[in-house]
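Chains as they are written, first to last, in this note's numbering: chain A, 1 to 142; chain B, 1 to 142.
Positions of the beta carbon are idealized from the N, C-alpha and C atoms, including for glycine.
See structure below.
2 protein chains.
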Amino acid sequence: MLVYGTKSFREHCREHGIAATHQRQVLYETMKTMHGHPSPEEVYARVKKKAPAISLATVYKNIHLFVESGVFRKVSMHHGPVRVEMNGEPHHHMVCSKCRKISDIGEKELGFVAKRNRLPGGFLVERYAVDVIGVCASCQMA
Amino acid sequence: MLVYGTKSFREHCREHGIAATHQRQVLYETMKTMHGHPSPEEVYARVKKKAPAISLATVYKNIHLFVESGVFRKVSMHHGPVRVEMNGEPHHHMVCSKCRKISDIGEKELGFVAKRNRLPGGFLVERYAVDVIGVCASCQMA
DNA sequence: TTGTAAGCGATAAAAGTTATCGTTTGATAA
DNA sequence: TTATCAAACGATAACTTTTATCGCTTACAA
Numbered sequence: 001m002l003v004y005g006t007k008s009f010r011e012h013c014r015e016h017g018i019a020a021t022h023q024r025q026v027l028y029e030t031m032k033t034m035h036g037h038p039s040p041e042e043v044y045a046r047v048k049k050k051a052p053a054i055s056l057a058t059v060y061k062n063i064h065l066f067v068e069s070g071v072f073r074k075v076s077m078h079h080g081p082v083r084v085e086m087n088g089e090p091h092h093h094m095v096c097s098k099c100r101k102i103s104d105i106g107e108k109e110l111g112f113v114a115k116r117n118r119l120p121g122g123f124l125v126e127r128y129a130v131d132v133i134g135v136c137a138s139c140q141m142a
Numbered sequence: 001m002l003v004y005g006t007k008s009f010r011e012h013c014r015e016h017g018i019a020a021t022h023q024r025q026v027l028y029e030t031m032k033t034m035h036g037h038p039s040p041e042e043v044y045a046r047v048k049k050k051a052p053a054i055s056l057a058t059v060y061k062n063i064h065l066f067v068e069s070g071v072f073r074k075v076s077m078h079h080g081p082v083r084v085e086m087n088g089e090p091h092h093h094m095v096c097s098k099c100r101k102i103s104d105i106g107e108k109e110l111g112f113v114a115k116r117n118r119l120p121g122g123f124l125v126e127r128y129a130v131d132v133i134g135v136c137a138s139c140q141m142a
């Protein structure tokens, strides 16, 4: 990932046509120091230490901006309501980044091979769930 | 996946110590016929045709039951609040099915190899996101 | 059959996110 | 530098999704 210093944060804002506000910069700097997989609330709690008057709405709005401009990333494409599936065959998912449609793809068609059942740190594997993120055929035409 | 007929639905209920209620059975039968990745609301809409008095709460409660007892499956482990990550290195995730903790794992450590950029149906691949579902070290001890 | 615990429906409440709106601020140009 | 104006902000209402509560009903075993 590109890491922006204070100076090039402003350049980043110019490239994306957004204003380099105080809140935006503090939020950006704060998030850069956070490891793991924080929720917006956790980011909010942390950023309030540096900018106590910041609003939760601002945190949400700017997290969206940062994710859209590719600076940070969401852990999962699957938000909104829970989805259940009845397909019991071993399969994975293709998720369209435009329309969010989910399609199944069999393990063989995917050509997936990772089959370890222990991973570093002593993690005991139950199963692998692969999401292929991309653009579905109909969104490519549109 | 095991497919239960009407008769063995009752057996399944007995095995799991739950009552074989009318609503539960209609819900089960209805879901079995649904393909794709429906949300609870979509399941509710469908099941109301057969059991018009059913409550949305009942749909939620029983979807949980079916998922817990392994009959159906959730599409994603990542529910609750959105999670953002700042780690820009190519990596995937280990998700603990007990405590829901997410840990990063590098592509090399995972031994992941699928690298196609076109998939059946004309799906154009942007990236692969692998969730390894399992039990983390601390949950194995507990 | 009947007693009891589990399950149901209705709905309130909680959790998470987005929209609204009046005020403030940053960027541009005079 | 200052004036202008769109963009962004904070506060909070509204919305979406899910869970909890509670009085009534039903399944099931005795």
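If you follow the alpha helix (DSSP H) that residue i is in, where does it begin and where does it stop?
i: Met31/A; result: 22-33
i: Met77/A; result: Careful: Met77/A lies outside any alpha helix (DSSP H) and carries neither H nor E.
i: Ala45/A; result: 40-47
i: Ser138/A; result: 137-141
Kindly indicate which three-state DSSP category residue i falls into: helix, strand or coil?
i: Val130/A; result: strand
i: Arg118/A; result: strand
i: Ile63/B; result: helix
i: Phe123/B; result: strand
Span of the beta strand (DSSP E) holding residue i?
i: Val95/A; result: 91-96
i: Ser103/A; result: 102-106
So residue i contacts chain A; which residues on that side make the cut at Cβ distance below 8 angstroms?
i: Pro40/B; result: Pro81, Val82, Val84
i: Leu119/B; result: Met94, Ile105, Glu109, Leu110, Val132, Gly134
i: Tyr44/B; result: Under the 8 angstroms cutoff, chain A gives no residues; its nearest Cβ is about 11 angstroms from Tyr44/B.
Which chain B residues are close to residue i, counting only those with a beta carbon under 9 angstroms from its beta carbon?
i: His91/A; result: Within 9 angstroms Cβ-Cβ: nothing; His91/A doesn't reach chain B, min ~10 angstroms.
For a contact defined as C-beta to C-beta under 9 angstroms, what are the partners of residue i on chain A?
i: Ile63/B; result: Val82, Val84
Interface residues of chain B around residue i at Cβ under 7 angstroms?
i: Ile102/A; result: His37, Val75
i: Tyr128/A; result: Val130, Val132
i: Ala137/A; result: Gly121, Gly122, Phe123
So residue i contacts chain B; which residues on that side make the cut at Cβ distance below 8 angstroms?
i: Gln140/A; result: Gly122, Leu124
i: Phe9/A; result: By Cβ distance, chain B contributes nothing, its closest Cβ being about 14 angstroms from Phe9/A, past 8 angstroms.
Please list, in chain order, the chain A residues whose beta carbon lies closer than 7 angstroms to that of residue i.
i: His78/B; result: Val75, Ser76, His78
i: Lys32/B; result: Met86
On the three-pair Cβ rule with 8 angstroms, is the segment 99-106 of chain A touching the segment 95-105 of chain B?
No, they do not touch.
Check whether the segment 30-46 of chain A touches the segment 50-58 of chain B, counting contact only when three or more Cβ pairs, one atom from each stretch, lie closer than 8 angstroms.
Cβ pair count under 8 angstroms is below three, so no.
Count the CB pairs spanning the segment 62-74 of chain A and the segment 102-110 of chain B that are closer than 8 angstroms, and state whether there are at least three.
No, the segment 62-74 of chain A is not in contact with the segment 102-110 of chain B.
Touch test, the segment 39-47 of chain A against the segment 77-84 of chain A, Cβ-Cβ under 8 angstroms, three pairs minimum
Contact between the segment 39-47 of chain A and the segment 77-84 of chain A is not established, with fewer than three Cβ pairs separated by less than 8 angstroms.
Assess, as a yes-or-no matter, whether the segment 116-130 of chain A is touched by the segment 126-139 of chain B under the definition of 3 or more beta carbon pairs within less than 8 angstroms.
Contact holds: three or more Cβ-Cβ distances are below 8 angstroms.
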